[in-house]
Amino acid sequence: MTDVIEEVYAPILTQNGFVPRPENKRFGAMGLCWELIGDHGAGYYWTYGQRDLFDIKIHDFYFNQDMIIEFRLPACLSITYYESVSGEELTPRRPLSAGCTKAFVGGEAPCRVLIHGGIPVRCIGIEIMPAYYEDYLRRQYPGEYVNPLAAFQTLDQTEHFPEMVRLLEQVKNYRGSGIAAKLFYEGKVAEAVSLVVERHKGHLPSTKLQLADRDRKQIETVTAYINDHYPCELPLEQLSKIACMGTTKLKTSFRIVHDCTITEYIQQRRMSRAQYLLSGTDLTIGQVAQTVGYKSASRFAELFKKSMGLRPGEYRKISG
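Okay, here's the thing in structure tokens:
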């Protein structure tokens, strides 16, 4: 029987400046609250687990400086909603964005994550273990059992899963105790798995398409051009000429290489530059917006809030 909280998360939390606070009930009477103290930062991390079946985690803290967190999860399926975060996954490299719901399959490879200092990490996640999704569910539904692994793999990361966001917010705000709390958490875990499986029914299993070497090099050329010109207007027709591809093939090939759309990639580049300008210069928010490619400061603020979980002024205040 694996206690993932004790064997995996407790060492990671201790190593990064967290100490257990069993008397702290800010997230409810059940589970264990950890506090980040000292020079590392401030805030809290709450964990609740049910034997080797599942665990629930709430993050509400910030680091004072950029931190790289490395860990290896055992086999598990997880789903997390990020209300506020700034950073990136390093293996493979991909931004961590606020406002997204992310599925993760543990046990496949080590995890390395860069968390930017000064930005709150606020998220709520559920993890289920093989004893739950392979053994328990199979016993409960012997004639209907389907392993939910493929459903979690297909979900990957999305900004459009409102049902899951509502469920995880309910878990975050719950303050029950005793058997009522145990039943509540067990029910929400089952409901979360149900939502992922139901969503999967309407999607084809994701298959990683292969690109010809020539096409991959053309996408690299387009990417380099975007990196140099992201503050400018970049019409799709112009990029397809650079890539020597039709627009449909360009969009498909770009997503295969970068796992995001061209628009999403450009916005990520703009927001990354905006972070630096807000924290490292005295430019006004309007000037920052124009510098990274937005004519409207309000539109920039809207996209920045969606990406970072904070408005530009809030980000500047806590990162300056």
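First residue of the sequence shown: 1, per the UniProt record's numbering; consecutive thereafter.
For each residue, glycine too, the CB sits at the ideal point set by N, CA and C.
Everything numeric in this text was worked out from a predicted model, so none of it was measured.
- Residue range of the unbroken beta strand (DSSP E) whose run includes Q30: It should be noted that the sequence gives Met, not Gln, for residue 30. No beta strand (DSSP E) contains M30, which DSSP labels as neither H nor E.
- For the beta strand (DSSP E) that contains Q15, what are its first and last residues? Not the beta strand (DSSP E): Q15 falls in the alpha helix (DSSP H), residues 10 to 15.
- Message: Helix, strand or coil for P95? Go by DSSP, reduced to three states.
- Response: strand
- Item | Exposure of H160, with buried meaning 16 or more beta-carbon neighbours within 10 Å | exposed
- Would DSSP call V146 helix, strand or coil? Note: V146 maps to coil in three-state DSSP.
- Inside the stretch 37 to 110 only - beta strand (DSSP E) runs reaching at least 3 residues: 41 to 50, 54 to 63, 67 to 71, 76 to 84, 87 to 90, 93 to 96, 100 to 106
- Message: Less than 8 Å between the C-beta atoms of T261 and K249, yes or no?
- Response: For T261 and K249, no; Cβs fall outside 8 Å.
- If you compare alpha carbons, which of F104, S78, G125, R112 is closest to L90? R112
- Message: Per DSSP, what are the beta-bridge partners of L114 in this structure?
- Response: Answer is I68, E88, bridged to L114.
- Task: Note down the Cα distance separating H200 from D259, rounded to an integer number of angstroms.
- Result: A straight line joining the alpha-carbon of H200 with that of D259 spans about 19 Å.
- Query: Taking the beta strand (DSSP E) that I126 falls in, what are its first and last residues?
  - Reply: 121 to 128
- Item | Segment limits, alpha helix (DSSP H) that includes P162 | DSSP places P162 in the uninterrupted alpha helix (DSSP H) bounded by 162 to 173.
- Query: What residues in its chain sit with their C-beta under 6 Å from that of Q157, if we drop five residues either side in the sequence?
  - Reply: C100, K102, listed in sequence order.
- In DSSP terms, what Q157 is bridged to: Residue pairing for Q157: DSSP places it in a beta bridge opposite K102.
- Task: Name the two residues that bound the continuous beta strand (DSSP E) containing D20.
- Result: A quick correction: the sequence has Pro, not Asp, at residue 20. That run of the beta strand (DSSP E) goes 18 to 20.
- Query: R214 by DSSP, collapsed to three states: which one?
  - Reply: It is helical.
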